[in-house]
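K.L.:
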Amino acid sequence: MDERAERLLKAWETPTGWRYWSAVNNSEVGLWYTLTAFVFFLFGGVLALIMRIQLAIPENNWLTPEQYNQVFTMHGSVMMFLFAVPILEAVSIMLLPQMMGARDLPFPRLSAYGFWCFLIGGIFVCGSLFFGVGPRGGWFMYPPMTTQYQTDVGPDIWLLGLSFIEVASIAAAVELIVGVLKCRPPGMRLNLIPLYAWYILVVAVMILFAFPPLIAGDLLMELERALDWPFFDADRGGDPMLWQHLFWIFGHPEVYIVFLPSIALVATIVPTFAKTPMAGYSWIVLAAVGTGFLSFGLWVHHMFTTGLPGMTIGIFSAASEAVAIPTGIQIFCFIATLLIGRVTKSVALLFVLAGLVTFIIGGLTGVMVAIAPFDYQAHDTYFIVGHLHYVLVGGTIFPLVAGFYYYYPFVTGKQLSERLGTVAFWLMLVGFNVTFFPMHLTGLIGMPRRVYTYPSGMGFEIPNMISSVGAGVLGLGFLVLLWDVLRPKGKQPLVPRNVWNAGTLEWSAQVPDKPWGIRSIPIISTRYPIWEQENLLADIDAGRFYLPDAEEGLRETLVTSTVDAEPMQCLRVPGPTFLTFFAALFTGGVFIFSTYHWWIAASISALLSFGAIVTWLWTGTALIPEKEEKYIGLGLMLPTYVSGPSAVGWWAMFITMLGDMTAFVSLVFGYFFYWTIDETFPPAQFDGRAVVGPGILWPLVSVGFVFAAWVTVLIARSTNNSNRSLLYYGSLIGSIALSVLSALAMFWGPFMRGMDPTHHVYSASVCVLVLWAVVHLVVGIVMLIYCGARRMAGRMDGIHNADIVNVTLFWHFLVLTIAITGLVISLFPLVA
Amino acid sequence: MMTYGTKQHDESDPKPIRKSLWWIALAPSIWAIHFLACYLTVAIWCEKVSSYGSDRLLWLICIYSVVAIAGIAIVGWLSFRNFRRHDPPVPYDFDDPHDRTNFLGFTAFLLALLSGIATLFTMLVFLFVRSCD
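From first to last, the protein sequence lines are chains A and B. Following my numbering from start to finish, the first sequence increments by one per residue and tops out at 1512. Following my numbering from start to finish, the second sequence increments by one per residue and tops out at 121.
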């Protein structure tokens, strides 16, 4: 190994001993993430077996109804929130940088923070089951059952625990979007990026628009449970249907959010075993993007039986049929590729094929239930249980197991046994079909879902017994897989490099792999570089491409342009730290203590979390480099510091704020939703008291102040850039003062007029918008103080201005949020 | 080695929108806006003004749909012009670095077709189902 390689290795060294847990590198975090998600999967699987034991015979009293409700609620919630979504993030964090020849993702510490949030939240939610206080309202937690009839701590654990994990998902989405768009190797234009990256880009964008409505819903439900704000209480003008809308605006795209990343694995595995590039690349991109969009037009098909207008049902039914078009197209592309290639047999490919067949069956029953009259019959029966498991197991689990077999050598350098794999395959395939196919019939003869037992003599006995036997076989299949993964492999030789003879860049990794990601970052000009670019591996290994060295001992990767991947920046990424762990621990404390209404502990935890996050930002982001430009090899000098739209930090802020705006729009949607269902909104009187609003004046005053504050923020940015310090600090102080006035005015309207958020849903929906606005103003103020301190400490100047530029971006969204809030709550009652 | 010089990827000429990533999201976005507009219009119509009858609603939806389909058609046509002079895109379509614009055009064209179909699906519902019940 030459000197350059040694320096590079030193910079990317994985910490050892107990410090190992301070690692933030994508390969470590991705591995922990994957293993944790897999453990939760096994936990969810055990819960499923418990249910099948309970349902094997009629009138069984092995579990009480109470226990059964907790078990099925946790099975669904664990599989969706603690396995299906996190595993996509986990696998992507592990693979994506390697597929794109990047050293790491742009925000390694954010990935680590997300992982720790996920671990802490997951243990908290699962742990509740062992104390008999688990949530028991189903994975969709419909009110009023979960608000008025389950007053124990279970729903709070679900709402707060899973909201906490959703934060981790959004963090991963930010990371993955910026990763795909900005951290590709030079030359990897949009038409050359691995299909996996296309899918992940689409999924990450979907997360950004799908999860915030659920977070907004969680907020509303928690406000009702903790403070009695009547969002879902029909007696006080509320409506449980709003929860269903918000939940399924999340819940249906969610199905595709878990399906697309797995199908992305299929798109990666198929060409390798067909020994030919994927046919119809553009068609698959069409399918990914098309599905991503259409999946947002399907949510009401979960609500066909709630009495919505016929035309509404019609358009959602039509969209549910339309989504079958892109979904089908990608499957035809896979089949075409297998037909034109020379297929070699392997366990990974077997699972891919099982996944496709199973998913097609699930897709076809999906087309059946998308037709409203059929859905009226099948709704809430075991037919749906059969349908959704064919979709999710075929579309997600089987491809993931395929990915497990395919990428196991990539991670460990050892191969899983093809013989044990074949046994596991047949056990799983047979077990799965024996379990779930009869459920369609059980459902059609009338067995409802979510019942802890059933009477004998109704024809349910035999299909239920078959399903339970099948579940045992399926479980056995996973046991074989687990044994194959865990069995000692000390004597087994390491696999050769690129063991499957694949064409994508992640297989350029050496065996055993080095922590640097890739020896030097290559120039890419094909879709399957290892197959199609001569001498690629030798040139990478010899360090003949970009960034073959780490002269300063810093971790570095390349930032390139979005469409054509032209090199733009040499990005320094931060190294190991425990800060992210503590930040996650304390953030978790806020959610967990709030569940039990331990407000003092929650407040202390919030302060500590704030301290940890600010320390993390202060010491690890937007650092002024020791030199402005750096030679990265092949005659190219690149800047080491950029700000504005070419910087990854700017994109992260932009993307985060898109998600934030989506949550806000969901709350505004709630306000107008109540307007549509109420005869008079706001009502003049309710329950013998006048219903008061915030008035016209004060919300508009607040909007005026925030506009003035926004203008002074713009002045602050420009005076910082021109290094006029006094004016800069002056305008910062001005904008902080104006923001405080804006927050006070926003609060003053409802306060002065004596609005009582528990009185009527109108009051509650105004107060929640005001609450949202004020909290955002406070965050905006904190950011401005931070920018002042940065310049004062010499960590920001006219050129190195990323902090103030990103904060200004936040402010663009903030001013929009306050303006919409102020205008809606003050003026809409006049025209309603 | 080094047949791929840096010249190939460091040229930064200004790009019209048809050469940017946003372009492929345009047609599906038009579908999304049309879909949302239809959904919200029906929701409000059926709750607040259903006494007016469904004929006026149908006119409203027709206006939305004509505008949306015209928009999608324009995006589709412009995208078609981006790739039509090139080799037929099967089976390994546009896998040369220089095909980037053709690829974006072709993908945007396919997405315009899909969006057009999905928009028609939405519109047809109003022709077949004319009731709030």
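C-beta: ideal position from N, C-alpha, C; glycine also. Small disclaimer: the values here were computed from a predicted structure and weren't measured.
Along the region 36 to 63 of chain B, what residues have a CB closer than 7 Å to any CB found in chain A?
P.N.:
Result list: Lys36.
K.L.:
Assign Met1337 of chain A to buried or exposed, taking buried as 16 or more other Cβ atoms, counted over all protein chains shown, within 10 Å of its Cβ.
P.N.:
Classification of Met1337 of chain A: buried, given that the 10 Å Cβ count is 16 or more.
K.L.:
Using DSSP with H/G/I as helix, E/B as strand and the rest coil, what is Lys1310 of chain A?
P.N.:
It is a strand residue.
K.L.:
Could you check whether the Cβ of Arg118 of chain B sits closer than 9 Å to any Cβ belonging to chain A?
P.N.:
Taking Cβ atoms only, chain A reaches closer than 9 Å to Arg118 of chain B, which makes this a yes.
K.L.:
Provide the residue span of the alpha helix (DSSP H) that contains Cys1013 of chain A, from first to last.
P.N.:
Start and end: Ala1004 to Ile1020.
K.L.:
According to DSSP, is Phe1508 of chain A helix, strand or coil?
P.N.:
In this structure, Phe1508 of chain A counts as helix in the three-state DSSP scheme.
K.L.:
What is the C-beta distance between Thr110 of chain B and Cys26 of chain B, in whole angstroms, given that I count them as a contact (C-beta under 8 Å)?
P.N.:
The pair is a contact, with the Cβ atoms about 6 Å apart (cut-off 8 Å).
K.L.:
Would Ser663 of chain A and Asp43 of chain B qualify as a contact pair, given that the criterion is a beta-carbon distance under 9 Å?
P.N.:
No answer is possible for residue 663 of chain A: it lies beyond the span of chain A, which begins at 681 and ends at 1512.
K.L.:
Using a Cβ-Cβ cut-off of less than 7 Å, list which residues of the region 87 to 101 of chain B approach chain A; keep chain order.
P.N.:
Against chain A - using a Cβ distance shorter than 7 Å - the residues of the region 87 to 101 of chain B are Asp87, Arg88, Phe91, Leu92, Phe94, Thr95, Leu98 and Leu99.
K.L.:
Find the residues of chain A that neighbour Phe67 of chain B, judging by a C-beta separation of less than 7 Å, and give them in chain order.
P.N.:
A small fix is needed here, since residue 67 of chain B is Ser in this sequence, not Phe. The contacting residues do not exist; Ser67 of chain B stays about 11 Å from chain A at best.
K.L.:
With 16 as the cutoff for other CB atoms within 10 Å, does Lys1171 of chain A come out buried or exposed?
P.N.:
Answer is exposed; the Cβ neighbour count stays below 16.
K.L.:
So what's Val1243 of chain A in DSSP terms, helix, strand or just coil?
P.N.:
Coil, per DSSP.
K.L.:
For Val1047 of chain A, which residues of its own chain have a beta-carbon under 6 Å away from its beta-carbon, when the five flanking residues on both sides are left out?
P.N.:
Cβ within range, chain order: Ala1004.
K.L.:
I want to know whether the region 1283 to 1300 of chain A touches the region 1250 to 1265 of chain A - three or more CB-CB distances under 8 Å.
P.N.:
Contact holds: three or more Cβ-Cβ distances are below 8 Å.
K.L.:
Roughly how many angstroms separate the alpha carbons of His1492 of chain A and Val54 of chain B, rounded to a whole number?
P.N.:
Approximately 34 Å between the Cα atoms of the pair.
K.L.:
Is it a yes or a no for the region 760 to 776 of chain A touching the region 842 to 850 of chain A, going by three-plus beta-carbon pairs under 8 Å?
P.N.:
Result yes; three or more Cβ-Cβ pairs closer than 8 Å.
K.L.:
Taking only the alpha-carbon atoms, compute the straight-line gap between Leu907 of chain A and Thr1438 of chain A and give it to the nearest angstrom.
P.N.:
For Leu907 of chain A and Thr1438 of chain A, the distance between alpha carbons rounds to 8 Å.
K.L.:
Out of B:Asp121, B:Tyr40 and B:Phe68, point me to the one whose CA is closest to Phe94 of chain B's CA.
P.N.:
Selected option, being the one with the closest Cα: B:Phe68.
K.L.:
When burial is assigned at 16 or more other CB atoms within 10 Å of the CB, is Ser997 of chain A buried or exposed?
P.N.:
Burial call: buried.
K.L.:
How far does the beta strand (DSSP E) with Met1333 of chain A in it reach, from first residue to last?
P.N.:
Per DSSP, Met1333 of chain A belongs to no beta strand (DSSP E); it is in the alpha helix (DSSP H), Val1328 to Ile1357.
K.L.:
Between the alpha carbons of Val1504 of chain A and Phe1031 of chain A, how many angstroms are there, rounded?
P.N.:
Going from the Cα of Val1504 of chain A to the Cα of Phe1031 of chain A covers about 53 Å.
K.L.:
If I measure Cβ to Cβ from Phe1361 of chain A and keep anything under 7 Å in the same chain, skipping five residues before and after, which residues do I get?
P.N.:
Taken in chain order, the residues that qualify are Tyr1354, Trp1355, Tyr1442 and Ala1512.
K.L.:
Work out the CA separation of Trp1428 of chain A and Pro824 of chain A for me, nearest whole Å.
P.N.:
Their Cα atoms are separated by approximately 32 Å.
K.L.:
Taking the alpha carbon of Ala106 of chain B as the reference point, which residue from A:Gly977, A:Phe718, A:Asn871 and A:Trp712 has its own alpha carbon closest?
P.N.:
When only C-alpha atoms are compared, the closest one is A:Gly977.
K.L.:
With DSSP as the reference, identify every bridge partner of Leu46 of chain B, one or two as the case may be.
P.N.:
DSSP lists no partner for Leu46 of chain B.
K.L.:
Can you list, in chain order, the residues of its chain with a C-beta nearer than 8 Å to that of Gly1093 of chain A? Leave out the 5 residues immediately preceding and following it.
P.N.:
Once the five neighbours on either side are set aside, the close Cβ partners of Gly1093 of chain A are Leu1174, Val1175, Val1191, Pro1192 and Asp1193.
K.L.:
Exposed or buried, what is Thr1275 of chain A when buried is set at 16 or more other beta-carbons lying within 10 Å of its beta-carbon?
P.N.:
Result: buried.
K.L.:
Rounded C-beta distance between Phe1014 of chain A and Val950 of chain A? I'm assuming under 8 Å.
P.N.:
Right, their Cβ atoms sit about 5 Å apart.
K.L.:
For the region 8 to 21 of chain B, list every residue whose C-beta sits within 8 Å of some C-beta in chain A, in sequence order.
P.N.:
Taking 8 Å as the Cβ-Cβ cut-off against chain A, the residues of the region 8 to 21 of chain B that qualify are Ser8, Leu9, Ile12, Ala13, Pro16, Ser17, Trp19 and Ala20.
K.L.:
Beta-carbon separation of Thr1184 of chain A and Glu739 of chain A under 9 Å?
P.N.:
Result no, Cβ atoms of Thr1184 of chain A and Glu739 of chain A do not sit closer than 9 Å.
K.L.:
Is it buried or exposed for Trp10 of chain B, if we count other Cβ within 10 angstroms and need 16 for buried?
P.N.:
Flag for Trp10 of chain B reads exposed.
K.L.:
Compare the C-beta of Glu934 of chain A with all C-beta atoms of chain B and state if any pair is closer than 9 Å.
P.N.:
No, Glu934 of chain A lies away from the interface with chain B (no Cβ there is under 9 Å from its Cβ).
K.L.:
If we ignore side chains and look at the alpha-carbon of each, how far apart do Ser0 of chain B and Ala1245 of chain A end up?
P.N.:
The pLDDT assigned to Ser0 of chain B is 47, lower than 50, so where the model puts this residue is not dependable; a value taken from the coordinates is nonetheless given after this. So the alpha carbons of these two residues sit roughly 10 Å apart.
K.L.:
Quick one, are the C-beta atoms of Val935 of chain A and Leu1072 of chain A less than 9 Å apart?
P.N.:
Cβ atoms of Val935 of chain A and Leu1072 of chain A: closer than 9 Å.
K.L.:
With DSSP run on the structure shown, which of helix, strand or coil describes Met731 of chain A?
P.N.:
Correct three-state label for Met731 of chain A: helix.
K.L.:
For Gln924 of chain A, does the three-state DSSP call read helix, strand or coil?
P.N.:
In this structure, Gln924 of chain A counts as helix in the three-state DSSP scheme.
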